[in-house]
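Peer 1:
There are 2 protein chains.
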Amino acid sequence: MLEGYRGRALHVLASINADVGDVIELNSDKVHLRGILMPSYSKDDSIVVLKLDNGYNVGFSVDKVKVSLVERSSKKEPEKTESNKPGKVKIISTGGTIVSKVEYETGAVRPALTTEEIIKFVPEIQDITSISANVLFSILSENMNPKFWVKIAESVKRAFEEGSEGVVVAHGTDTMSYTASALAFSLNVLPGPVVLVGSQRSSDRPSSDSGINLVSSVLLANQAPFGEVVVNMHGESSDTYTLAHRGVKVRKMHTSRRDAFQSVNDLPLAKVIWKEKLVKLLRTDYRRKSDHIEMNAKFDERVFLLKFYPGLKPDIVELLLSAGYKGIIVEGTGLGHTSSEFQEAFRKATKEGVFVGMTSQCLFGRVNMNVYQTGRILQQAGVIPLGDMLPEVALVKLMWVLGQTDDLEQITKIMLKNVVGEYNPRHLLDHFPRWKHE
Amino acid sequence: MLEGYRGRALHVLASINADVGDVIELNSDKVHLRGILMPSYSKDDSIVVLKLDNGYNVGFSVDKVKVSLVERSSKKEPEKTESNKPGKVKIISTGGTIVSKVEYETGAVRPALTTEEIIKFVPEIQDITSISANVLFSILSENMNPKFWVKIAESVKRAFEEGSEGVVVAHGTDTMSYTASALAFSLNVLPGPVVLVGSQRSSDRPSSDSGINLVSSVLLANQAPFGEVVVNMHGESSDTYTLAHRGVKVRKMHTSRRDAFQSVNDLPLAKVIWKEKLVKLLRTDYRRKSDHIEMNAKFDERVFLLKFYPGLKPDIVELLLSAGYKGIIVEGTGLGHTSSEFQEAFRKATKEGVFVGMTSQCLFGRVNMNVYQTGRILQQAGVIPLGDMLPEVALVKLMWVLGQTDDLEQITKIMLKNVVGEYNPRHLLDHFPRWKHE
Chain L
1 MLEGYRGRAL HVLASINADV GDVIELNSDK VHLRGILMPS YSKDDSIVVL
51 KLDNGYNVGF SVDKVKVSLV ERSSKKEPEK TESNKPGKVK IISTGGTIVS
101 KVEYETGAVR PALTTEEIIK FVPEIQDITS ISANVLFSIL SENMNPKFWV
151 KIAESVKRAF EEGSEGVVVA HGTDTMSYTA SALAFSLNVL PGPVVLVGSQ
201 RSSDRPSSDS GINLVSSVLL ANQAPFGEVV VNMHGESSDT YTLAHRGVKV
251 RKMHTSRRDA FQSVNDLPLA KVIWKEKLVK LLRTDYRRKS DHIEMNAKFD
301 ERVFLLKFYP GLKPDIVELL LSAGYKGIIV EGTGLGHTSS EFQEAFRKAT
351 KEGVFVGMTS QCLFGRVNMN VYQTGRILQQ AGVIPLGDML PEVALVKLMW
401 VLGQTDDLEQ ITKIMLKNVV GEYNPRHLLD HFPRWKHE
Chain P
1001 MLEGYRGRAL HVLASINADV GDVIELNSDK VHLRGILMPS YSKDDSIVVL
1051 KLDNGYNVGF SVDKVKVSLV ERSSKKEPEK TESNKPGKVK IISTGGTIVS
1101 KVEYETGAVR PALTTEEIIK FVPEIQDITS ISANVLFSIL SENMNPKFWV
1151 KIAESVKRAF EEGSEGVVVA HGTDTMSYTA SALAFSLNVL PGPVVLVGSQ
1201 RSSDRPSSDS GINLVSSVLL ANQAPFGEVV VNMHGESSDT YTLAHRGVKV
1251 RKMHTSRRDA FQSVNDLPLA KVIWKEKLVK LLRTDYRRKS DHIEMNAKFD
1301 ERVFLLKFYP GLKPDIVELL LSAGYKGIIV EGTGLGHTSS EFQEAFRKAT
1351 KEGVFVGMTS QCLFGRVNMN VYQTGRILQQ AGVIPLGDML PEVALVKLMW
1401 VLGQTDDLEQ ITKIMLKNVV GEYNPRHLLD HFPRWKHE
């Protein structure tokens, strides 16, 4: 099936009896290219799209090149993928750029493709192991919320129970690290890897990272020895490797770079060199696979992430209490501070049973509320310092803890417990990235 | 005056007729050290404190070493500093660790020293140029707010008008970058450098960065050719150099490291190699010194910094409107998103004349609200994308703009204008730091 092709390109491809997945050559005076014929989503009906060996997709007009068929696809036809039978690796698609296509009319991107279509985009994954897939939902990740987290957790649990040994969750990148935390806390005993993967560039752009990210994620889900939730994305801006970051220590640190996801206050767990089909473990302190799965996926959304800044008035705490919030994660300055005039408001909140936890807007390093006077008076008001937990992770964890209990003492105890590596007790100099200064 | 010395240490020092600022030698079987005698803030009255050539302070008990006087201080006595006469460089002290001492009783740090005492701590600065100083106030920077920003701006203006050619502002590090932005916007025509400086480790700790940071800042204020507000702090974790970051492009990126301050989406303006008294310009696109100063220091504090996260309900916008906020800076996900259910709330806000601007919690990169559907519907609701401006800078800028006008069209126009380099139209690969992965 020459999916997406129309007009002149369809005519040329049909005339040489080519199909998506076949190896094709494009030749002209200037161009000599060989690659796999991809589906087309081009508005221009003269374009054929080829996936090159280096992973890039290119499009050329049939008016400018001679198209010839080199080799029939040896791959199993994706249409025949029995996606309802459990594969060793299960791909759960939730939406996002990795499963999106561009509306050429507006230039905007919409989630659209089914997971079967992803398999067709990256047929290589079927050489790794048996794959099954389902489209759980198709939303942009900025619209993700705790109710969806529960559905993803349930779907992951089902996949393992049905016999899959590793799970890949295709997800938009905007809130992928929040979902990673949510899955890490709610599935904190796992029989295999759960790999969240996204794409910073949509799959029809030549610089798309979706193919390599997905192949690497299937490799990870198939080979990695851990029972952990990780985020697997480009490790550098070129296409050499991806990195598997612990789900509770990763952050999207750039709006557009392909290596936007980075571990903060931590090192990645593994590196995947997709060309060599190699999963290289970078650490030994990962959580081993368990012989069973445990799920505890309840979240209370009444948690607020309050970023402190000069001029912020303590009244905001009153507002949040009156609006029914049950927990506040403060993103304080430096070692974990707000202005000292917040002391009374926080005291009132904690007296009412509202948990107030302190993280730092510096992101790197850890809060320490014993160094300065301000830290000590905030602690006297009941504010709990949360070490090196990222603000976003503390937020998700508190939603999860409030899903289990509303007893402040109990909440505090679980918030301070290192459940899945969200605290890193030991920081190395290398955890801080190096800036280029000249 | 043997400041701070009591008991045995005072007795020994007085017996050899030594004074603070003199060169002293400490000798024992194991120790041979030479350095400048510093004031003492030790609870232990046997300790003498020496500043070594490498910039470190060390403390030794007089019970364990023999103390001898090597050389009288050639420095002008700090007590004789005529700090009310304008120096070529003016130091304005506002508080913070750089002017703090440790309460040995509790281990906590309090702002305490006067600026004259700083000069005594770092007598080298008097070799650079003539220095004058005043203590404007003495607060920890987490208690800084827009009212204090105005006072600092006025004090800087006065210093230039009285004949100083460069100004150093000693400031706590917690909110130093907010103050840097506030000064950059409110003093956007400057006849010389305004250098904010702080310290991540208090001056009586051996690893203190306060001495080198202050010396480098005086060098900058004296030598730099620009009329800009910069933050000057350690450039790496050892004591080799400091970096002058543009005030509107810098962020405290670590809770405790000495090189916590880093330029985001930008490169530093200058590097100061204090040992060589060298100010090395790293860029040529700095703002030249003007022949006059302009001040426009009014801030409206009714601005909220709203960090979006999954599960956040649009009701918060209603709450903010009802509480009288006039502007909202959203720290959205990825390229500048919130969940699409915020569309209505933002539309209502902007219809009521409340400015809503979008930045990214990724921090690195720039927002682009034309790529995804969500971005476009938020723009239709009146949300203004703010490029690569940091969320904290956008917040301060909006407070400043609201101090000038409450006309939404006018506010939008100034928010989008590149006033002092808060937008960087050109990002280089090197603007993204390099993470160590294995």
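Order-wise, the sequence lines are chains L and P.
According to my numbering, the first sequence is numbered sequentially starting from 1.
According to my numbering, the second sequence is numbered sequentially starting from 1001.
Where is the CB? At the ideal position from N, CA and C, for every residue including glycine.
1. Between which residues of its own chain and P:V1062 is the CB-CB distance below 7 Å, once the five residues before and five after are set aside?
2. Would L:H254 be called buried (16 or more neighbouring beta carbons within 10 Å of its own) or exposed?
3. Starting from the C-beta of L:E3, find all residues in its chain whose C-beta is less than 7 Å away, skip the five residues before and the five after it, and write them out in chain order.
4. Go ahead and pull the three-state DSSP assignment for P:G1059.
5. Should P:V1272 be flagged as near chain L, meaning a C-beta pair shorter than 9 Å?
6. Under 8 Å by Cβ, that's how I've got P:V1419 and P:N1188 pegged, so tell me the actual separation to the nearest angstrom.
7. Is the Cβ of P:K1252 closer than 9 Å to any Cβ of chain L?
8. Can you pull out the residues from the stretch 133-162 of chain L whose beta carbon lies closer than 9 Å to at least one beta carbon of chain P?
9. Of all Cβ atoms in chain L, is any one closer than 9 Å to the Cβ of P:E1341?
10. Can you give the Cα-Cα distance for L:V31 and L:R434, rounded to whole angstroms?
11. Taking only three categories from DSSP, how would you classify L:N439?
12. Quick one: what does DSSP say P:Y1104 is sitting in, helix, strand or coil?
13. Count the other CB atoms, across all protein chains shown, that sit within 10 Å of the CB of L:D259; report buried if there are 16 or more and exposed otherwise.
14. What did DSSP end up calling P:G1375 once you bin it into helix, strand or coil?
15. At least one CB of chain L closer than 9 Å to the CB of P:I1128: is that the case?
16. Output needed for P:R1072: all residues of its chain with C-beta closer than 6 Å, excluding positions within five of it in sequence on either side, in chain order.
17. Any C-beta of chain P sitting closer than 9 Å to the C-beta of L:M389?
18. Taking L:A224 as the reference, which of L:V195, L:L214 and L:D209 has the closest Cα?
19. At a CB distance below 9 Å, what residues from the stretch 1316-1337 of chain P approach chain L? Give them in sequence order.
20. Which whole-angstrom value describes the C-beta separation of L:N134 and P:S1339, a residue pair presumed to lie in contact below a C-beta threshold of 8 Å?
21. What's the call for P:N1296, buried or exposed, on a 16-neighbour Cβ count within 10 Å?
22. At the level of alpha carbons, what is the spacing between P:E1236 and P:L1069?
23. Taking P:F1346 as the reference, which of P:W1274, P:I1316 and P:C1362 has the closest Cα?
24. Straight-line CA distance for L:D406 to L:E228?
25. Determine contact between the stretch 1175-1187 of chain P and the stretch 374-388 of chain L, defined as no fewer than three beta-carbon pairs at a distance below 8 Å.
26. Select from P:L1269, P:I1128 and P:K1271 the residue whose C-alpha is nearest the C-alpha of P:G1087.
27. Would you say the stretch 1292-1309 of chain P touches the stretch 1151-1161 of chain P, given that touching needs at least three Cβ pairs under 8 Å?
28. 9 Å is my cut-off, CB to CB: does P:P1268 come that close to chain C?
29. Is it right to say P:S1322 is buried, meaning 16 or more other beta carbons lie within 10 angstroms of its own, or is it exposed?
30. Residues of chain P with CB closer than 7 Å to the CB of L:T374, please, in chain order.
31. Within 10 angstroms of the Cβ of L:R283, are there 16 or more other Cβ atoms? Answer buried if so, exposed if not.
32. According to a CB-to-CB cut-off of less than 9 Å, which residues of the stretch 350-371 of chain L neighbour chain P?
33. Can you list, in chain order, the residues of its chain whose CB lies under 7 Å from that of P:E1162, leaving out five sequence neighbours each side?
34. State yes or no: is the C-beta of P:V1218 within less than 9 Å of the C-beta of P:I1131?
35. Would you mind listing the alpha helix (DSSP H) stretches within the stretch 1399-1432 of chain P that are 4+ residues and don't spill past its ends, in chain order?
36. Might you give, ordered along the chain, the residues of its own chain that have their beta carbon closer than 7 Å to the beta carbon of P:K1076, omitting 5 neighbours on each side?
Peer 2: So, from the data block:
1. Spatial neighbours of P:V1062 in its own chain (CB-CB distance under 7 Å, excluding positions within 5 residues in sequence) are listed in chain order as R1008, A1009, V1012, S1046 and V1048.
2. In summary, L:H254 is buried, with 16 or more beta-carbon neighbours lying within 10 Å of its beta-carbon over all protein chains present.
3. Excluding residues within five positions, the ones whose Cβ falls inside 7 Å are V20 and P39.
4. For P:G1059, the three-state secondary structure derived from DSSP is strand.
5. Closer than 9 Å: no.
6. With 8 Å as the limit, P:V1419 and P:N1188 qualify as a contact, their Cβ atoms being about 6 Å apart.
7. Judged by the 9 Å Cβ criterion, P:K1252 is in contact with chain L.
8. If you check each beta-carbon in the stretch 133-162 of chain L against every beta-carbon of chain P, the ones closer than 9 Å belong to L140, S141, E142, N143, M144, N145, P146, K147, F148 and W149.
9. True, the Cβ-Cβ gap to chain L drops below 9 Å.
10. Roughly 40 Å between the two C-alpha positions.
11. Nothing can be reported for residue 439 of chain L, as the shown portion of chain L is limited to 1 through 438.
12. For P:Y1104, the predicted structure reports a pLDDT of 49, less than 50, and the residue's modelled location is therefore unreliable. A value from the coordinates is still provided. Coil at P:Y1104, not helix or strand.
13. Buried: at least 16 other Cβ atoms inside 10 Å.
14. DSSP places P:G1375 in helix when its eight states are reduced to three.
15. For P:I1128, the answer is no, since every Cβ of chain L falls outside 9 Å of its Cβ.
16. Scanning its chain for C-beta atoms nearer than 6 Å, with the 5 sequence neighbours on each side dropped, one finds around P:R1072 the residues D1022, in chain order.
17. False, the Cβ-Cβ gap to chain P never drops below 9 Å.
18. When L:V195, L:L214 and L:D209 are compared, the shortest CA-CA separation from L:A224 is found for L:V195.
19. Taking a C-beta cut-off of 9 Å against chain L, the contacting residues of the stretch 1316-1337 of chain P are I1316, L1319, L1320, S1322, A1323, E1331, G1332, T1333, G1334, L1335, G1336 and H1337, listed in chain order.
20. For a cut-off of 8 Å, the C-beta gap from L:N134 to P:S1339 is around 24 Å, too long to register as a contact.
21. Classification of P:N1296: exposed, given that the 10 Å Cβ count is below 16.
22. When rounded, the separation of the alpha-carbon atoms in P:E1236 and P:L1069 is 35 Å.
23. P:F1346 has its Cα closest to that of P:I1316, out of P:W1274, P:I1316 and P:C1362.
24. Between L:D406 and L:E228, the C-alpha separation is close to 27 Å.
25. Put simply, the stretch 1175-1187 of chain P does not touch the stretch 374-388 of chain L. Fewer than three CB pairs are less than 8 Å apart.
26. Nearest of P:L1269, P:I1128 and P:K1271 to P:G1087, Cα basis: P:I1128.
27. Touching, per the Cβ criterion.
28. Here chain C cannot be found, since the structure's protein chains are L and P.
29. So P:S1322 ends up on the exposed side.
30. Neighbours of L:T374 on chain P, chain order: L1140 and E1142.
31. L:R283 comes out exposed.
32. If the cut-off is 9 Å between Cβ atoms, the stretch 350-371 of chain L has S360, Q361, C362, L363, F364, G365, R366, V367, N368, N370 and V371 near chain P.
33. P1086.
34. Going by C-beta atoms, P:V1218 is nearer than 9 Å to P:I1131.
35. 1408-1416, all fully within the stretch 1399-1432 of chain P.
36. With a pLDDT of only 41 at P:K1076, under 50, the local geometry of the prediction cannot be trusted, and the value read off the model is given with reservation. Non-local C-beta neighbours of P:K1076 in its own chain, meaning closer than 7 Å and more than five positions away in sequence, comprise Q1126, ordered along the chain.
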